[in-house]
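Here my numbering is used: the first residue of the sequence shown is 1, the next is one more, and so on.
Data block below; observations after.
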Amino acid sequence: MHGLAMFLGNAGLVLREKSITPTGPRYVRLVGRKAGLVSFLMTILGIDTTTIFEVYEDRIEYSCSSLSGRFQELIPLVRVSNLCCGYFKPVLFFVFAVIALIGGFAVGMIARADGSPELATPATVVGVIFSAIFFVCYFLKKTIVVNVIPNSASPVAIAFKRSLIENQTITQEDARQIIDIITTLVSRANRPR
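This is the structure:
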């Protein structure tokens, strides 16, 4: 799962739409697009490059569109064998933030030791600015992963990042709620009739 989260964290989608309704008939609807300005512009122009994940009473629908085509998969809930969710944060941004902060202050302390009367040297300011940028990236790049594994088929794994442009966010609690809804529906679908 960790390797999958690392891969999906780098390929995470920007969340465009989120609807979680525990009463149905469409229990979950997540719509995302690839990250980046080009994908955003293509969306504005009406070029469908979206990924849609929907959960209904008896099935999960997953579709992925790009410039070269569309892929759609329907998974009957009676065929779902495993579910998992989690999140991934790029720890490297956090490490860079700490290094930039410490480095900026260290260079500033060295400059003041040489007799500089300034409270903040240019190196300190640059270090603080870069540190702030890395901290913001660390918190904004959190990726939520939902993975559905059907019996004897390839898994459907989606990863979403917060969208600043569309002002949409998905939390770990949302992912857990999605898994809980699917688990309840799978149990209901597998009940003997």
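Every residue, glycine too, gets a C-beta built ideally from N, C-alpha and C.
Residue range of the unbroken beta strand (DSSP E) whose run includes residue i
{"i": "L15", "result": "L13 to I20"}
{"i": "E61", "result": "R59 to S66"}
{"i": "T50", "result": "T50 to Y56"}
{"i": "Q172", "result": "Segment Q172 to A189 is the alpha helix (DSSP H) holding Q172; no beta strand (DSSP E) there."}
{"i": "L30", "result": "R26 to K34"}
{"i": "G86", "result": "V80 to F88"}
Candidates the options, of which the one nearest residue i by Cα
{"i": "T23", "options": "R191, Q177, N190 and R193", "result": "Q177"}
{"i": "E73", "options": "K89, P90, C137 and V55", "result": "V55"}
{"i": "T121", "options": "S187, A106 and A132", "result": "A106"}
{"i": "A153", "options": "Q172, S81 and L37", "result": "S81"}
{"i": "A123", "options": "S187, I110 and E173", "result": "I110"}
{"i": "V31", "options": "D180, F94 and I52", "result": "I52"}
{"i": "I181", "options": "C85, L15 and I133", "result": "C85"}
{"i": "T183", "options": "L45, S19, I60 and I44", "result": "I60"}
Spatial distance of residue i from residue j (CA atoms)
{"i": "G3", "j": "L41", "result": "For G3, the predicted model reports a pLDDT of 49, less than 50, meaning its position is unreliable; a value from the coordinates is still stated below. Computed Cα separation, rounded: 31 Å."}
{"i": "F71", "j": "K161", "result": "22 Å"}
{"i": "S63", "j": "E17", "result": "14 Å"}
{"i": "T49", "j": "T169", "result": "19 Å"}
{"i": "Y138", "j": "N190", "result": "41 Å"}
{"i": "L13", "j": "S68", "result": "18 Å"}
{"i": "A175", "j": "V28", "result": "10 Å"}
{"i": "S65", "j": "P150", "result": "21 Å"}
{"i": "D58", "j": "P25", "result": "10 Å"}
{"i": "E173", "j": "N167", "result": "18 Å"}
{"i": "V145", "j": "Y87", "result": "6 Å"}
{"i": "I133", "j": "V98", "result": "11 Å"}
{"i": "L37", "j": "R79", "result": "38 Å"}
{"i": "I179", "j": "I20", "result": "11 Å"}
Beta carbon of residue i nearer than 8 Å to that of residue j
{"i": "K89", "j": "K141", "result": "yes"}
{"i": "V148", "j": "V136", "result": "no"}
{"i": "L77", "j": "L185", "result": "yes"}
{"i": "L92", "j": "S131", "result": "no"}
{"i": "L104", "j": "V128", "result": "Residue 104 is actually Gly in this sequence, not Leu. Yes."}
Presumed contact (8 Å Cβ cut-off) between residue i and residue j, rounded CB distance
{"i": "A159", "j": "T171", "result": "Between T171 and A159 the Cβ distance is about 14 Å, and since that is not below 8 Å, they are no contact."}
Endpoints, alpha helix (DSSP H) assigned at residue i
{"i": "A123", "result": "P122 to L140"}
Heavy atom of the ligand PLP within 7 Å of residue i beta-carbon
{"i": "D174", "result": "Of ligands this structure carries none, so the ligand PLP is not represented either."}
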